[in-house]
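In our numbering, the protein residues as written are 4 to 103.
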Amino acid sequence: ITVIAALLSGFVQHQFSGPWFGGLSGVVYALMGYVWLRGERDPQSGVYLQRGLILFSLVWLIAGWFDVFGMSIANGAHVAGLVTGLAMAFVDTQNVRKRT
């Protein structure tokens, strides 16, 4: 998940802002999205995030998108990372949903 999220979020951010960016926040959002959806779809896995952390992260994502803080934030990387993590969790839990 780390390598795939890094590549995809980096590619998307490059499309948004060009080559001058850096960081692993897209990977962090991918991991958060994965753990969030995995916990929702497969509670028996023991993998979950507290709802407050999810809410804070989504509010931060939206605030960054609308430039509330007046700073340069890698919005493309954040969204791409979140979508990557959610998609990977969805695929990983397909068989779990069929068994229950």
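Where is the CB? At the ideal position from N, CA and C, for every residue including glycine.
Among the options, the one whose alpha carbon lies nearest that of residue i
{"i": "VAL15", "options": "GLN97, TYR37, GLY84", "result": "GLY84"}
{"i": "MET91", "options": "SER28, LEU40, GLY26", "result": "LEU40"}
{"i": "THR96", "options": "ILE57, SER48, HIS81", "result": "SER48"}
{"i": "SER28", "options": "VAL94, GLY88, PHE93", "result": "GLY88"}
{"i": "SER60", "options": "ASN78, PHE24, GLY13", "result": "ASN78"}
{"i": "LEU64", "options": "PHE93, ILE4, VAL94, HIS81", "result": "HIS81"}
{"i": "PHE93", "options": "GLY73, MET74, GLY42, VAL6", "result": "GLY42"}
{"i": "MET74", "options": "VAL6, VAL50, PHE24", "result": "PHE24"}
Segment limits, alpha helix (DSSP H) that includes residue i
{"i": "GLN16", "result": "5-20"}
{"i": "PHE59", "result": "54-68"}
{"i": "ASP95", "result": "78-95"}
{"i": "MET35", "result": "28-44"}
Rounded distance between the beta-carbons of residue j and residue i, thought under 8 Å
{"i": "ALA9", "j": "VAL30", "result": "5 Å"}
Under 9 Å between C-beta atoms of residue i and residue j
{"i": "VAL99", "j": "ARG44", "result": "yes"}
{"i": "TRP68", "j": "ILE57", "result": "no"}
Counting pairs of Cβ atoms below 8 Å between the segment 35-50 and the segment 15-27, do you hit three or more? no
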